[in-house]
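Step one of this worksheet: look at the structure below.
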Amino acid sequence: MASTNKDVETLNSFLRGEISAVETYRQAIGHVSDGLARDALEYCQHDHEHRVEELRDLIQKMGGEPAKGSGMWGTFAKLVQGGADVLGEKAAIQALEEGEDHGLADYQRDADQVHGEARRFVRMELLPAQKRTHERLSRLKRTLH
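Numbered by the UniProt record's numbering, the letters in the sequence shown go through residues 1 to 145 in order.
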């Protein structure tokens with residue numbers, strides 16, 4: 001049972017990161033005027049929202065209690081985004097890309113910390129989805145520079 005508790009702990013860490021991503025995208029979208037950029041950011045936000053729901057469902061299926069908020073990552077994201085708000089659209093997108101980098105690194109580093117169905121879910125669902133949003137944001141950043 002210890003591995004299940006550890007699995008839930010790791011999945012909750014991923015969940016807090018995803019909640020933070022949703023919050024950060026929500027803030028950034030309010031500061032982006034370019035229609036194509038806004039569409040790309042909304043796509044990424046919805047992708048992260050979908051992951052939040054999937055993670056909550058899996059944690060509950062495993063008998064765990066899903067995290068309610070973003071915790072420390074949310075505080076960090078607010079600080080980064082706050083600086084980006086002052087500096088404008090490109091800085092906001094840069095901050096989002098840094099968040100995507102961080103999320104990708106978390107999934108790659110901790111995927112093997114979970115077992116069984118949870119590991120399959122991280123490797124087959126979360127990691128490819130994170131790579132997709134990361135790539136979309138990188139493409140967006142290149143088109144704006």
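Beta carbons: idealized from backbone N, C-alpha and C, even for Gly.
Exercise. Might you give, ordered along the chain, the residues of its own chain that have their beta carbon closer than 7 Å to the beta carbon of Met-1, omitting 5 neighbours on each side?
Key: Confidence at Met-1 is low in this model, with a pLDDT of 42, below 50, so the placement of that residue should be treated as unreliable; the coordinate-derived value is given next. There are no such residues.
Quiz item: From what residue to what residue does the alpha helix (DSSP H) around Glu-54 run?
Solution: For Glu-54, the enclosing alpha helix (DSSP H) stretches over residues 35-61.
Exercise. Taking Leu-103 as part of the alpha helix (DSSP H), name the residues at either end of that continuous run.
Key: Checking the sequence, you will find Gly at residue 103 rather than Leu. Start and end: 89-110.
Practice problem: Check whether the Cβ atoms of Thr-143 and Asp-47 sit closer than 7 Å, and answer yes or no. | Solution: no
Exercise. Could you name the residues of the same chain whose beta carbon sits closer than 7 Å to that of Arg-26, not counting the 5 residues immediately before and after it, in chain order?
Key: Annotation for Arg-26: Gln-45 place their beta carbon closer than 7 Å to its own, counting only its chain and skipping 5 residues before and after.
Practice problem: Note down the Cα distance separating Ile-29 from Leu-41, rounded to an integer number of angstroms. | Solution: 7 Å
Self-check item: Whole-Å CB distance - Ala-105 paired with Val-122, under 8 Å assumed
Solution: 13 Å between Cβ atoms; not a contact.
Quiz item: Tell me which same chain residues have a C-beta within less than 8 Å of the C-beta of Lys-131, skipping the five on either side of it?
Solution: So the list reads Leu-104, once near-sequence residues are dropped.
Exercise. Would you check if the distance between the CB atom of Glu-49 and the CB atom of Val-22 is smaller than 7 Å?
Key: Result yes, Cβ atoms of Glu-49 and Val-22 sit closer than 7 Å.
Quiz item: Under the three-state reduction of DSSP, which class applies to Pro-128: helix, strand or coil?
Solution: helix
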